[in-house]
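Note that the protein sequences, when read in sequence, are chains A and B.
Going by the numbering used here, the first sequence wraps up at 127, each residue one higher than the last.
Going by the numbering used here, the second sequence wraps up at 1127, each residue one higher than the last.
Even glycine gets a Cβ: it sits at the ideal position worked out from N, Cα and C.
There are 2 protein chains.
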Amino acid sequence: MAAASLCTRGQPVDAARRAGPAAAFWSAALGVRAEPYAPKLQFTSLHGALGGLVLAVQAVDDTPRLHRDIEMDDVAAEAARLVGPRATPVTQWQECRVLRAPGRHLVCVLPVESAPEVFDAEARTWP
Amino acid sequence: MAAASLCTRGQPVDAARRAGPAAAFWSAALGVRAEPYAPKLQFTSLHGALGGLVLAVQAVDDTPRLHRDIEMDDVAAEAARLVGPRATPVTQWQECRVLRAPGRHLVCVLPVESAPEVFDAEARTWP
């Protein structure tokens, strides 16, 4: 199962201040509500914006970008699988592996955060 | 209805050469097939990668980025609506209006490209 994240830029003291207007904009643009994601307050969820995917604005002290998250029940195996078709390991953040794809986009492989029944129903499986 | 596009970077002579490996990577990463989009060969479609959304790799001579496309039956009205919650007009490309959202992400408003019955079924409507 894949989850998409929007990231927004900020200096260390005002990442959250910058993320607020970005979340408000995407809420209005896509016609969905924006709500803080309580377990991790750097994220603001945009509920129902992309069908079965998770779309969120993340307050980060970095260059603004969109990146794609992929949930996996075996993070290390999936990160290794993606290095096969030429992704490059960048860093590890908490339990997530950050890779750079050909074309220079970032992709994060993270542990399952969806409800187990959602993950089981929607995940693609590899041999 | 919203459509998502992946863009990849290239110099003028090799944008297409760079886009090929990016499309191959995302095809393998997401478990979907990649096919050239015949009406506009700068795009490679990744069929079924994001549920009801369109995901494509676009060969462009620019910084690599992800951007979001929003299909609209009235492009000018929607562009004006998004400037309300503080998007900034950037440029116009063919019939598309390119805006920069708070948080610095690009969003393109484009005419309807989906089949009419798909657009009618999935579009959100504004008063």
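What does residue i touch in chain B if you count any residue whose Cβ is under 9 Å from its own?
{"i": "LEU53/A", "result": "LEU1050, GLY1051, LEU1053"}
Could you tell me if residue i is buried or exposed, where buried requires 16 or more neighbouring beta carbons within 10 angstroms of its beta carbon?
{"i": "PRO1111/B", "result": "exposed"}
{"i": "MET72/A", "result": "buried"}
{"i": "GLN11/A", "result": "Note that GLN11/A scores 36 on pLDDT, short of 50, meaning its location in the model is unreliable; the coordinates nonetheless yield the value given after this. GLN11/A is exposed by the Cβ-count criterion."}
{"i": "ALA1056/B", "result": "buried"}
{"i": "ALA49/A", "result": "buried"}
Would you mind giving the Cβ-Cβ distance between residue i and residue j, rounded to the nearest angstrom? I have them listed as a contact below 8 Å.
{"i": "ALA1019/B", "j": "THR1044/B", "result": "6 Å"}
{"i": "PRO89/A", "j": "ALA1022/B", "result": "Not really, about 17 Å apart at Cβ, beyond 8 Å."}
{"i": "LEU1099/B", "j": "ALA1076/B", "result": "LEU1099/B to ALA1076/B, Cβ: 12 Å. No contact."}
{"i": "PHE1025/B", "j": "ARG86/A", "result": "6 Å"}
{"i": "LEU46/A", "j": "LEU66/A", "result": "Wrong, their Cβ atoms sit about 13 Å apart, outside the cutoff."}
I'd like the span of the alpha helix (DSSP H) that includes residue i, first residue to last.
{"i": "VAL109/A", "result": "From DSSP, VAL109/A is part of no alpha helix (DSSP H) but of the beta strand (DSSP E) over 106-111."}
{"i": "ASP1069/B", "result": "That residue, ASP1069/B, is in no alpha helix (DSSP H); its beta strand (DSSP E) goes 1065-1072."}
{"i": "LEU82/A", "result": "75-83"}
{"i": "PRO1116/B", "result": "1116-1122"}
Starting from residue i, trace the beta strand (DSSP E) both ways and give me its first and last residue.
{"i": "GLU1035/B", "result": "1034-1036"}
{"i": "PRO1089/B", "result": "1088-1093"}
{"i": "VAL98/A", "result": "96-100"}
{"i": "LEU1041/B", "result": "Neither: LEU1041/B is in no beta strand (DSSP E) and is coded neither H nor E."}
{"i": "VAL57/A", "result": "55-59"}
Step through the CB atoms of chain D and report whether any lies within less than 8 Å of the CB of residue i.
{"i": "PRO39/A", "result": "This model lacks chain D altogether; the protein chains it does include are A and B."}
For residue i, go through chain B and note every residue whose CB falls closer than 8 Å to its CB, in chain order.
{"i": "PHE119/A", "result": "Correct list: empty, because the minimum Cβ distance to chain B is about 15 Å."}
{"i": "LEU124/A", "result": "Leu is not the amino acid found at residue 124/A; the sequence shown has Arg there. Chain B residues near ARG124/A: LEU1030, GLY1031."}
Taking residue i as the reference, give the member of the options with the closest Cα.
{"i": "VAL83/A", "options": "THR63/A, TRP26/A, ALA115/A, CYS108/A", "result": "CYS108/A"}
{"i": "GLY1059/B", "options": "LEU1041/B, ALA1049/B, LEU1050/B", "result": "It is Ala, not Gly, that sits at residue 1059/B in the sequence shown. Among LEU1041/B, ALA1049/B, LEU1050/B, the Cα nearest to that of ALA1059/B belongs to LEU1041/B."}
{"i": "LEU1106/B", "options": "HIS105/A, ASP69/A, ARG124/A, PRO64/A", "result": "PRO64/A"}
{"i": "ASP1069/B", "options": "GLU1035/B, SER1114/B, PRO1127/B, TRP1126/B", "result": "SER1114/B"}
{"i": "ASP1062/B", "options": "PHE119/A, GLU122/A, ARG104/A, ALA121/A", "result": "ARG104/A"}
{"i": "CYS96/A", "options": "GLU117/A, ASP74/A, PRO116/A", "result": "ASP74/A"}
{"i": "PRO127/A", "options": "VAL57/A, ARG81/A, ALA121/A, GLY48/A", "result": "ARG81/A"}
{"i": "ALA121/A", "options": "GLY52/A, ALA38/A, GLU35/A", "result": "GLY52/A"}
So residue i contacts chain A; which residues on that side make the cut at Cβ distance below 9 Å?
{"i": "ALA1022/B", "result": "ALA101, PRO102, GLY103, ARG104, HIS105"}
{"i": "ARG1097/B", "result": "Within 9 Å Cβ-Cβ: nothing; ARG1097/B doesn't reach chain A, min ~13 Å."}
{"i": "VAL1090/B", "result": "Here the premise fails: no neighbours, minimum Cβ distance about 14 Å."}
Kindly list, in the order they appear in chain A, the residues whose Cβ is closer than 7 Å to that of residue i.
{"i": "LEU1082/B", "result": "ALA29"}
{"i": "ARG1034/B", "result": "Checking the displayed sequence, the identity of residue 1034/B turns out to be Ala instead of Arg. Those do not exist, as ALA1034/B stays about 11 Å from chain A at its closest Cβ, beyond 7 Å."}
Should residue i be counted as a contact of the ligand FAD given a C-beta to heavy atom distance under 7 Å?
{"i": "ALA28/A", "result": "In the structure shown, the ligand FAD is absent, as is every other ligand, since no ligand is present at all."}
Given that residue i touches chain B, what residues does it touch there, using C-beta distances under 7 Å?
{"i": "VAL75/A", "result": "By Cβ distance, chain B contributes nothing, its closest Cβ being about 14 Å from VAL75/A, past 7 Å."}
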